[in-house]
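**Q**
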Amino acid sequence: MTQETIEAPNRPAARSGERPPRPASRPHGQWKVDGTAPLNGNEEWKQVDNGLSVRDRIEKIYSKGGFASIDPTDLHGRFRVWGLYTQRKPGIDGGRTATLEPHELEDEFFMLRVRIDGGQLTTEQLRVIADISIDFGRGTADLTDRQNIQLHWIRVEDVPEIWRRLEAVGLGTTEACGDVPRVVLGSPVAGIAADELIDPTAQIDEITSRFIGDETLANLPRKFKTAITGHPSQDVVHEINDVAFVAVEHPELGIGYDLWVGGGLSTSPRLAERLGVFVAPELVADAWHGVAQIFRDYGYRRLRNKARLKFLLADWGTEKFRQVLETEYLEAPLPDGPAAPKPLAHGDHVGVHRQKDGRFYIGATPIVGRVSGPTLAKLAELIEAHGSSRLRTTPHQKLVILDIPEDRVESLITGLDELGLSARPSLIRRGTIACTGIEFCKLAIVETKAFATAAVLDLERTLDGFDLPHPISLHVNGCPNSCARIQTADIGLKGQLIMNDAGEQVPGYQVHLGGGLATADREDAGLGRTVRGLKVEADGIAVYVERVVKRFLDERDAAADETF
Ligand code: SF4
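All the letters of the sequence shown, read from the start, carry residue numbers 1 to 564 under UniProt numbering.
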């Protein structure tokens, strides 16, 4: 569960009771249209008691009584709202994922997601996360592709102390998972990049301080993902968020934001669409609130696989969406606004870049987001030894170190290399991300991180000497969910069991090619295509990718700088 599309399959609603009788024409469960009567089990428990309330029980009851004392509805529902997910029991193969009940798949340990809005961290905060990982998480730590850090092997007994430590330095896990407003993605170079249009930090802070933990938004139809960027590289994958604000210059009104809504991947991917409005910085939080309320009031709740905002947008269209936003939720209509130009540069911020104040920021990558508590502790030390106290996480499973004086840059890069964090990675290492997979995720069918790591190391060897024109993105998912955004990658691999030549079922991946997000060298963002018949065995990833990449290099039109 490194990434955050995690959603339990639709389980029978009524472990706790009977379904309401089915009406003649089946409502979508939109509160403002159909009324608020719950139409499935998830809606029932959320309405009885949304997840915010479970914190008190964790502190007073479950942390004292241990795993066995936890009410099942809290365990499989409300705990998520506090970033807690039971992790997969070791040794259960992917073939049994779909056949076992949640309690049979899960361990008595938790994944804990630390929420890092905007990816903004100090070394003091990093050290606290590192210490928690070492003291309570067996040293585990993964950078996610939503700027969070996830720890594993957490016991419920330790959660109150973990919260105490996190909150003492301004971090937390409130609404890190569940049907709530999740972490707000923010440009990892907010406030520091020389070429940024606007620093979105104030907007991120206003949204989180006004609305995270707000009871009125604690029961949404499903997860609600937000992204905000003021950087021209559009570095927050805004096209796949429920709501996103992308900086733009309005010819009369100055710098503000272009509002996008309705993106999301998972099993029914859809890119977000522009509403065509201009949002002044001081109105961002209100506009965000309006979109969140539309989702709460009009979002579909009957079927969980239709409950994301993208399905409502698909039915309404952008014109109606804008009209409802302006007439029912905002005090005044929003002005029309221009589209932001397509980004000229890749927004992962890897490498060395000059800040607006003359110092430097350095983007570095581990392999597939995997770090550890001890690594994070050493990283905090390294950053401080180079005169800085700030860093950022990114939506690409990377880190950006800020405020480094010019004469310390090379020394920092050497230190990062020693920690397995490369500021000058191969283009393959740079472009590869992987979800958690079967190691910890209950929904996984195959392993991901170890296979992807081995593939990166193999490919660095076999493609050494080949002149890749730009990073080739390789995204690896452990199941049909899309936590690692396979539809937006050059090469996306979706975990499933496949039949090998000997007729045995083995872990493998379905191949998805040619996805990507909008850049100046692409006509438009596109979700690529699944190569239906093409499946590759998990331990053959490196060979397969090598073949595809070499073929691309052989056949590409270099003069036209053809992309993958
Ligand atoms: Fe997400 Fe990966 Fe788990 Fe599937 S296996 S739910 S893609 S983390």
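Each residue gets a CB set at the ideal place from its N, CA and C atoms; glycine is no exception.
Among the residues of its own chain, which have a CB less than 8 Å from the CB of GLU215, if the five just before and after it don't count?
**A** Locating residue 215 in the sequence shown gives position 215, where the first residue counts as 1. So the list reads ASN50 and LEU52, once near-sequence residues are dropped.
**Q** Enumerate in chain order the residues of its own chain whose CB-to-CB distance from VAL279 is below 7 Å, with the five nearest sequence positions on each side excluded.
**A** Counting from one through the sequence shown, the residue named residue 279 turns up at place 279. PHE245, GLY256, TYR257, LEU259, ALA287 and LEU334, listed in sequence order.
**Q** Use the C-beta contact count for THR327: other C-beta atoms within 10 angstroms, 16 or more gives buried, fewer gives exposed.
**A** Here the question's residue 327 lines up with position 327 in the sequence shown. Flag for THR327 reads exposed.
**Q** Taking C-alpha atoms, which residue in ILE401, LEU399, ARG359 and SER372 lies nearest to ASP407?
**A** Taking the sequence shown and counting its residues from 1, the one referred to as residue 407 is at position 407. Nearest option by C-alpha distance: ARG359.
**Q** Shortest alpha-carbon distance to THR201 belongs to which of GLU161, ASP56, PRO281 and ILE154?
**A** Translated into the one-based positions of the sequence shown, residue 201 becomes position 201. Looking at the Cα atoms, PRO281 is the closest of the given residues.
**Q** To the nearest angstrom, how far is it from the Cα of ALA502 to the Cα of LEU391?
**A** In the sequence shown, residue 502 corresponds to position 502, counting from 1. In the sequence shown, residue 391 corresponds to position 391, counting from 1. Whole-angstrom Cα-Cα distance: 50 Å.
**Q** Would you check if the distance between the CB atom of ASN477 and the CB atom of ILE491 is smaller than 8 Å?
**A** Taking the first residue of the sequence shown as position 1, residue 477 is located at position 477. Taking the first residue of the sequence shown as position 1, residue 491 is located at position 491. No. Outside cutoff.
**Q** Which residue marks the beginning of the beta strand (DSSP E) containing TRP82, and which one marks its end?
**A** Along the sequence shown, one-based indexing puts residue 82 at 82. It is not in any beta strand (DSSP E) - TRP82 carries neither H nor E in the DSSP assignment.
**Q** VAL400 to SER411, Cα distance in whole Å?
**A** Here residue 400 refers to the residue found at position 400 of the sequence shown. Here residue 411 refers to the residue found at position 411 of the sequence shown. In a straight line, the C-alpha of VAL400 is about 15 Å away from that of SER411.
**Q** DSSP three-state call for PHE466: helix, strand or coil?
**A** Counting from 1 along the sequence shown, the entry for residue 466 is found at position 466. Correct three-state label for PHE466: coil.
**Q** Using only the alpha-carbon positions, how far apart do ARG462 and ALA452 sit?
**A** To locate residue 462, count along the sequence shown from 1; it is residue 462. To locate residue 452, count along the sequence shown from 1; it is residue 452. Arg is not the amino acid found at residue 462; the sequence shown has Thr there. Cα to Cα, the separation comes out at about 15 Å.
**Q** Within the present structure, is the beta-carbon of ILE305 separated from the nearest heavy atom of the ligand SF4 by less than 7 Å?
**A** On the sequence shown, position 305 is the one that residue 305 refers to. Per the sequence shown, the amino acid found at residue 305 is Asn instead of Ile. Checking the Cβ of ASN305 against the ligand SF4 gives no.
**Q** On the DSSP letters alone, give me the boundaries of the alpha helix (DSSP H) that PRO102 sits inside.
**A** Taking the first residue of the sequence shown as 1, we reach residue 102 at position 102. Per DSSP, PRO102 belongs to the alpha helix (DSSP H) from 102-105.
**Q** Which parts of the segment 112-175 are runs of the alpha helix (DSSP H), unbroken and 4 residues or longer, counting only runs that do not cross its ends?
**A** Segments of the alpha helix (DSSP H) lying fully in the segment 112-175: 123-136 and 159-168.
**Q** Which first and last residues belong to the alpha helix (DSSP H) in which TYR361 is found?
**A** Here the question's residue 361 lines up with position 361 in the sequence shown. Per DSSP, TYR361 belongs to no alpha helix (DSSP H); it is in the beta strand (DSSP E), 360-364.
**Q** Quick check on PHE136 - is its C-beta less than 8 Å from some C-beta in chain D?
**A** The chain labelled as chain D is not found in the depicted structure, where only one protein chain is given.
**Q** Could you tell me which residues DSSP puts in a beta bridge with HIS475?
**A** Looking up residue 475 in the sequence shown gives position 475. Answer is ILE433 and GLY492.
**Q** Could you tell me which of LYS494, LYS442, ALA444 and LEU382 sits nearest to LEU126, measuring between CA atoms?
**A** As a first step, residue 126 is located in the sequence shown; it is residue number 126 there, counting from the start. Answer by Cα proximity: LEU382.
**Q** Relative to the C-alpha of ILE129, which candidate in GLY118, MET111 and GLN150 has its C-alpha closest?
**A** Locating residue 129 in the sequence shown gives position 129, where the first residue counts as 1. Closest option to ILE129, Cα to Cα, is GLN150.
**Q** Do the segment 465-476 and the segment 424-437 touch if we need at least three Cβ pairs shorter than 8 Å?
**A** Cβ pair count under 8 Å is three or more, so yes.
**Q** Beta-carbon separation of PRO338 and HIS231 under 8 Å?
**A** Taking the first residue of the sequence shown as position 1, residue 338 is located at position 338. Taking the first residue of the sequence shown as position 1, residue 231 is located at position 231. Cβ atoms of PRO338 and HIS231: not closer than 8 Å.
**Q** Are the segment 415-427 and the segment 59-70 in contact at 8 Å, needing three or more beta carbon pairs?
**A** No, because fewer than three Cβ pairs between the segment 415-427 and the segment 59-70 fall closer than 8 Å, the two stretches do not touch.
**Q** Considering ASP315, what are the terminal residues of the alpha helix (DSSP H) in which it resides?
**A** Looking up residue 315 in the sequence shown gives position 315. Looking at the DSSP string, the run of the alpha helix (DSSP H) that includes ASP315 is 309-324.
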